[in-house]
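Trainee: For the sequence shown, the residue numbers in our numbering are 21 to 448.
To start, I am sharing the structure in question, which I have written as structure tokens.
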Amino acid sequence: MSASTPSRQADIPTASPPAVPHGWGRALATVLAGLIAMIVQAALGLWAAGLTGVPDNGFPRVVAATLVAAVGGTVRLAGDAGALADTQAELTVMPLSVTLGGALVIAAGFLRPLRHRAVAPASELAGWAARIAVLWLLALLGLARVARQTFTAPPGNGSIGDIEDLLGVEPQIGYRADLPLTVLFGLLWLAGVLVLALLVSRSAPLPARLLRLQNRVRPAAYAMVGLLLTCVAVGLVIGLVVAATRGHPARTFALILLGLPNVVWPALTLGLGATWNGRVDGPFGLPVPHLLDQVLRTPDVSTLDLGTLSEHDGRVWWLVAVAALLILTAAFVMAARSPVRVRPWRNSLHMAAALVLTVLMICLVCRVSAHYGLTLLGIGDLGGGLSGVLLLTPQLWTALGLAALWGLVTGFAGGLLAWRVRRRREAA
21 MSASTPSRQA DIPTASPPAV PHGWGRALAT VLAGLIAMIV QAALGLWAAG
71 LTGVPDNGFP RVVAATLVAA VGGTVRLAGD AGALADTQAE LTVMPLSVTL
121 GGALVIAAGF LRPLRHRAVA PASELAGWAA RIAVLWLLAL LGLARVARQT
171 FTAPPGNGSI GDIEDLLGVE PQIGYRADLP LTVLFGLLWL AGVLVLALLV
221 SRSAPLPARL LRLQNRVRPA AYAMVGLLLT CVAVGLVIGL VVAATRGHPA
271 RTFALILLGL PNVVWPALTL GLGATWNGRV DGPFGLPVPH LLDQVLRTPD
321 VSTLDLGTLS EHDGRVWWLV AVAALLILTA AFVMAARSPV RVRPWRNSLH
371 MAAALVLTVL MICLVCRVSA HYGLTLLGIG DLGGGLSGVL LLTPQLWTAL
421 GLAALWGLVT GFAGGLLAWR VRRRREAA
């Protein structure tokens, strides 16, 4: 027998590893895992917030409404106070801790069968995503069906309670998920999660026509997702320390499980110099540190920036240093993962564009708007625990302009710092 020569061995075609099957079973497991993670997280957060005593055993419906809001769906508030009274209600908020938890689990399930492959046909990726989308659609329909309830509001105190007794007013408040909008925005949320997962993961395959995104978009997407997750991790550590040392652990854990990104992501923009406008009045309250509640609980809409916060606590200026460190690190990571041919000035442009899009996302998803009021005989909100306002909105264009400036500066600096790292990597 003659030994095979190297040339003959080179002529033998090497079989590529077989594709891991990703049919309906895996799609169902992915969707169920995401739903279970979101349900458990939302239920624990609502329990820590003390909302288990909802009338008519409505806690599961509140959990379903929380999931609807977490994926971008619309939960409409409604009320009825009899013939002599009227109610107005509005609520716009996303519990971003629940959103983030579900997104991470679904993204991991989506990417798992695609590992260890460089290229995948577009039809294969589309078919795999479509299976998940069909099952996710059924889940959205179920959540929207469950997320509805109406119950009687607790009576007011003092004169308000006397008026209610005299006129026989029993305010009815409730909520229901808007089915068309929930389905629309829930599917858009899922599409965003799957696309972002493909862009961030270096081990996920792309269609041959999109391989150019491997070096152009993936470094920036990876850096921005890492920036957001690092902010959440820092906030988590601070929250656990606060819960252990300053009391109110239930409230702190409610914030961690339901709305931690709602606090830390706007804090990142504040560190960049951005400005938010807000107000808290009545029974509503933001699950935020006491400092923010002090600034926002004013008769009129107040300005939330480093200046107004420093009037109450000078330590807020540390937000600038923390934001600068995190963004410079993200710029370095992006530059280190980019090809060596990408010059620092181009890295600066990429970082500016990526940071602008990231800040835009923060400004869109971290808005909060809530109002509930009871009116008797057409005369204003009566208060007495039956009315309130909650508002938090960014000054969008200022935030985007500052993000572009920070991105240009840190992108160039990160490109210079990563220059030697990239050259060593390319040589290897």
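Cβ coordinates follow ideal geometry from the N, Cα and C atoms, glycine included.
Please read these numbers as outputs of a predicted model, since none were measured by experiment.
Helix, strand or coil for Pro414, going by three-state DSSP, please let me know.
Mentor: Here Pro414 sits in strand by DSSP.
Trainee: Give, in chain order, every unbroken run of the beta strand (DSSP E) that is at least 3 residues long and sits entirely within the segment 275-359.
Mentor: Fully enclosed beta strand (DSSP E) runs of 3 or longer: 296-301 and 322-324.
Trainee: Going by beta-carbon coordinates alone, are Asn282 and Cys383 separated by less than 8 angstroms?
Mentor: No, the pair does not count as a contact, with Cβ atoms beyond the cut-off.
Trainee: Pick out whichever of Leu420, Ser221, Pro80 and Ala89 has its Cα sitting closest to the Cα of Ala241.
Mentor: For the residues Leu420, Ser221, Pro80 and Ala89, the minimum Cα distance to Ala241 belongs to Ser221.
Trainee: Indicate whether Ala217 and Leu131 have their beta-carbon atoms separated by less than 8 angstroms.
Mentor: In this structure, Leu131 lies closer than 8 angstroms to Ala217 by Cβ.
Trainee: For Thr119, does the three-state DSSP call read helix, strand or coil?
Mentor: Thr119: helix per DSSP, three-state reduction.
Trainee: For Arg151, which of helix, strand or coil comes out of DSSP?
Mentor: Correct three-state label for Arg151: helix.
Trainee: If you follow the alpha helix (DSSP H) that Ser221 is part of, which residue opens it and which one closes it?
Mentor: Unbroken run through Ser221: none, as it is neither H nor E.
Trainee: Quick check: the Cα distance between Ser389 and Leu411, rounded to an integer number of angstroms?
Mentor: Each residue's alpha carbon lies about 5 angstroms from the other.
Trainee: Who are the Cβ neighbours of Leu380 in its own chain at under 7 angstroms, not counting the five residues just before and after it?
Mentor: Cβ within range, chain order: Leu420.
Trainee: Whole angstroms are fine: how far does the CA of Arg168 sit from the CA of Ala89?
Mentor: Distance between the alpha carbons of Ala89 and Arg168 is about 13 angstroms.
Trainee: Would Leu280 be called buried (16 or more neighbouring beta carbons within 10 Å of its own) or exposed?
Mentor: Flag for Leu280 reads buried.
Trainee: Taking buried to mean at least 16 other C-beta atoms within 10 Å of its own C-beta, is Asp313 buried or exposed?
Mentor: Burial call: exposed.
Trainee: For Leu97, does the three-state DSSP call read helix, strand or coil?
Mentor: Leu97 falls in the strand class under three-state DSSP.
Trainee: Could you spell out where the alpha helix (DSSP H) holding Cys386 opens and where it closes?
Mentor: Looking at the DSSP string, Cys386 is not in any alpha helix (DSSP H), and its letter there is neither H nor E.
Trainee: Examine the Cβ distances between the segment 110-122 and the segment 51-67 and report whether three or more of them are shorter than 8 angstroms.
Mentor: At 8 angstroms Cβ cutoff, the stretches touch.
Trainee: List the whole-angstrom C-beta distance separating Ala438 from Ala355, where the pair is believed to meet the contact cut-off of C-beta under 8 angstroms.
Mentor: Contact holds; Cβ gap of about 4 angstroms.
Trainee: Assuming the contact rule is C-beta atoms closer than 8 angstroms, Val300 and Leu316 should be a hit. Round their C-beta distance to whole Å, please.
Mentor: Right, their Cβ atoms sit about 4 angstroms apart.
Trainee: Would you kindly work out how many angstroms separate the C-alpha atoms of Gly259 and Val252, rounded to a whole number?
Mentor: Taking the straight line from one Cα to the other gives about 10 angstroms.
Trainee: Give the secondary structure of Leu226 by DSSP, where H, G and I count as helix, E and B as strand, and everything else as coil.
Mentor: Of the three classes helix, strand and coil, the one that applies to Leu226 here is strand, per DSSP.
Trainee: Determine the DSSP secondary structure at Ala140, reduced to helix, strand or coil.
Mentor: The answer is coil: DSSP assigns Ala140 none of H, G, I, E or B.
Trainee: Starting from Ala167 and walking both ways along the alpha helix (DSSP H), at which residues does that stretch end?
Mentor: Segment: none, Ala167 is in no alpha helix (DSSP H) and carries neither H nor E.
Trainee: Taking the C-alpha atoms as reference points, what is the distance between Val166 and Ala85?
Mentor: Distance between the alpha carbons of Val166 and Ala85: 8 angstroms.
Trainee: Just to confirm, is the Cβ distance from Thr378 to Met244 under 8 angstroms?
Mentor: Going by C-beta atoms, Thr378 is nearer than 8 angstroms to Met244.
Trainee: Report the rounded CA-to-CA distance for Val154 versus Ala197, giving the unit in angstroms.
Mentor: If you take the alpha carbons of Val154 and Ala197, they lie about 20 angstroms apart.
Trainee: In the structure shown, what three-state DSSP assignment does Leu124 receive?
Mentor: Leu124: helix per DSSP, three-state reduction.
Trainee: Output the distance between the C-alpha atoms of Arg236 and Met371, rounded to the nearest integer angstrom.
Mentor: Answer to the nearest angstrom: the Cα atoms are 11 angstroms apart.
Trainee: Express the C-alpha separation of Thr295 and Val321 in angstroms, rounding to a whole number.
Mentor: If you take the alpha carbons of Val321 and Thr295, they lie about 13 angstroms apart.
Trainee: I need the DSSP call for Ala197, collapsed to helix, strand or coil.
Mentor: DSSP places Ala197 in strand when its eight states are reduced to three.
Trainee: What's the call for Ala343, buried or exposed, on a 16-neighbour Cβ count within 10 Å?
Mentor: Buried.
Trainee: From Gly434, Val376 and Ala264, pick the residue whose C-alpha is nearest to that of Trp498; which is it?
Mentor: As shown, the chain starts at 21 and ends at 448. That puts residue 498 outside it, with no answer to give.
Trainee: Would you identify the three-state DSSP class for Leu71, choosing helix, strand or coil?
Mentor: In the structure shown, Leu71 sits in coil (DSSP, three-state: anything other than H, G, I, E or B).
Trainee: With 16 other CB atoms within 10 Å as the buried threshold, where does Val51 fall?
Mentor: By the neighbour-count rule (16 or more Cβ atoms within 10 Å), Val51 is buried.
Trainee: Given that a residue counts as buried once 16 or more other Cβ atoms are within 10 Å of its Cβ, and exposed if not, what is Leu345?
Mentor: Label assigned to Leu345: exposed.
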